[in-house]
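Asker:
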Amino acid sequence: MKNLKDRIKKYRIIDTHIHLGNISSLNFPGGNDEEIISILKKYGVEKAVFSHHAALSTVAFG
23 MKNLKDRIKK YRIIDTHIHL GNISSLNFPG GNDEEIISIL KKYGVEKAVF SHHAALSTVA
83 FG
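Using this note's numbering, read the sequence shown as starting at 23 and increasing by one per residue.
1. So G66 and I35 are in contact, right, with Cβ under 8 angstroms, and what is the actual spacing, rounded?
2. For A76, which option in N44, I58 and K64 has the closest C-alpha, if you only look at C-alpha atoms?
3. Rank E56, K27, T38 and K32 by C-alpha distance to the C-alpha of V71 and give the top, closest one.
4. Check whether the Cβ atoms of L78 and I58 lie closer than 9 angstroms to each other.
5. Are the CB atoms of K64 and K24 within a distance shorter than 9 angstroms?
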């Protein structure tokens, strides 16, 4: 049985939901830019759409 990395090679992969950065007390740890790009490359992600964590909030909340 092939592992996931081998099985997905035949597909074009676009990640459409990634958040980066900190906002106020809201933080989702997940690595810095270089680490995230490394993971995307590892799995053959061709393109990715990023939003800052601030996009999850309003000015009044943050």
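We put the CB at the ideal spot given by N, CA and C, even for glycine.
Answerer: By the coordinates alone:
1. 6 angstroms
2. For A76, the closest C-alpha among the options N44, I58 and K64 is that of N44.
3. T38
4. Contact: no.
5. no
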